[in-house]
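In this note's numbering, the protein residues as written are 54 to 316.
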């Protein structure tokens with residue numbers, strides 16, 4: 054099965070069309086999708102099933118590398134993501150100027166360019182050095198992650214994302230860490246301008262995306278697979294089958310063993 058994958062960066066995006074087959078990729082091979090920040094967009098042929106599981110193996114350059122996996126992005130992403138977001142500049146220390154920050158905030162409110170995916174989809178965060186609502190496995194600012202992986206940055210980690218009805222479940226290396234129901238009264242309110250809006254209802258059928266955020270961040274993705282749910286996957290007390298069983302993915306070595314290096 055092929056899936057449609059969109060990689061959106063906060064500042065600008067360069068289109069790249071590629072094929073990603075559903076057959077497994079050996080964990081001994083180089084990552085399938087090197088993802089330097091603000092540089093890649095991968096578009097595939099077909100929409101993922103309405104109810105599915107996505108297995109993604111991820112390597113982070115460091116705990117502060119800020120990336121994510123987007124799910125349930127609406128059809129409008131195909132038009133919006135090709136439009137650039139607000140232009141901005143950074144000072145010598147890398148700080149965004151006040152004028153640029155205002156432009157970015159306005160662009161985010163209008164859901165322009167890559168901001169469309171933020172407000173019209175859900176992001177499963179990849180960033181260890183943050184609070185529970187904004188760290189690896191969290192549905193960004195909407196549902197907390199119960200734990201982060203004990204593995205150090207530079208080691209492969211396997212994320213299993215289950216979409217069942219309105220619910221989103223996240224397993225990290227076989228451990229359930231996040232459960233999200235958009236209809237729950239416990240969903241926190243939006244606190245920051247860059248957090249996703251709560252109001253737009255996300256579709257049950259839509260697009261998947263990979264994101265890398267800031268200049269200098271190093272994040273690699275490989276073995277990205279999507280399949281329909283089976284009866285054994287039904288959410289409940291027992292959870293879903295572990296990622297390693299569902300996709301045959303194993304967390305493998307770090308820098309040297311997998312040719313993962315900074316670009």
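Each residue gets a CB set at the ideal place from its N, CA and C atoms; glycine is no exception.
Only a predicted model underlies this, so the values are computations on that prediction, with no experimental measurement involved.
With distances taken from CA atoms, which of the options is nearest residue i?
i, options, result
"residue 132", "283, 166, 157 and 250", "166"
"residue 236", "218, 120 and 206", "218"
"residue 226", "248, 146, 200 and 163", "200"
"residue 248", "178, 112 and 156", "178"
"residue 168", "269, 275 and 262", "262"
"residue 228", "244, 252, 216 and 203", "203"
"residue 255", "280, 130, 205 and 264", "130"
"residue 107", "223, 206 and 117", "223"
"residue 257", "240, 246, 220 and 250", "220"
"residue 267", "232, 234, 148 and 205", "148"
"residue 240", "155, 186 and 280", "186"
"residue 233", "154, 175 and 118", "175"
"residue 260", "192, 128 and 280", "128"
"residue 216", "142, 280, 118 and 146", "280"
"residue 246", "206, 155 and 192", "155"
"residue 206", "105, 109 and 118", "118"
Buried or exposed: which applies to residue i, given that a residue is buried once 16 or more other Cβ atoms fall within 10 Å of its Cβ?
i, result
"residue 61", "Confidence is the limiting factor: at residue 61 the pLDDT is only 32, short of 50, which leaves the residue's position unreliable, though a coordinate-based value still follows. It counts as buried."
"residue 197", "buried"
"residue 76", "With a pLDDT of 31 at residue 76, under the threshold of 50, the predicted position of this residue should be treated as unreliable, though the coordinate-derived value follows. The residue in question, residue 76, is exposed, as its Cβ has fewer than 16 Cβ neighbours within 10 Å."
"residue 278", "buried"
"residue 152", "exposed"
"residue 230", "buried"
"residue 157", "buried"
"residue 126", "buried"
"residue 252", "exposed"
"residue 283", "exposed"
"residue 194", "buried"
"residue 244", "exposed"
"residue 190", "buried"
"residue 319", "The requested residue 319 does not occur in the structure, where the chain is confined to residues 54 to 316."
"residue 275", "buried"
"residue 150", "exposed"
"residue 170", "buried"
"residue 144", "exposed"
"residue 173", "buried"
"residue 242", "exposed"
"residue 304", "Per-residue confidence for residue 304 stands at a pLDDT of 30, beneath the threshold of 50, marking its modelled position as unreliable; the derived number appears in the next sentence. Residue 304 should be labelled buried."
State the start and end residues of the unbroken alpha helix (DSSP H) segment that holds residue i.
i, result
"residue 250", "Residue 250 -> no alpha helix (DSSP H), and no H or E assigned at all."
"residue 133", "130–133"
When DSSP builds the beta bridges, which residues end up paired with residue i?
i, result
"residue 171", "For residue 171, which the question treats as bridged, DSSP gives no partner whatsoever."
"residue 224", "213 and 229"
"residue 199", "Bridge partners of residue 199: none, in fact."
"residue 179", "120"
"residue 281", "105"
"residue 113", "272"
"residue 245", "Residue 245 pairs with nothing; no bridge assigned."
"residue 263", "122"
I'd like the span of the beta strand (DSSP E) that includes residue i, first residue to last.
i, result
"residue 159", "From DSSP, residue 159 is part of no beta strand (DSSP E) but of the alpha helix (DSSP H) over 151–162."
"residue 44", "Absent from the model: residue 44. The displayed extent of the chain is 54 to 316, so no value can be given."
For the region 152–166 against the region 113–122, are there 3 or more C-beta pairs whose distance is under 8 Å?
no
The region 175–190 / the region 204–220 touching (three or more Cβ pairs under 8 Å):
Yes, the region 175–190 is in contact with the region 204–220.
Using 8 Å as the threshold, is the region 266–275 in touch with the region 104–118, meaning 3 or more CB pairs across them?
Yes, the region 266–275 touches the region 104–118.
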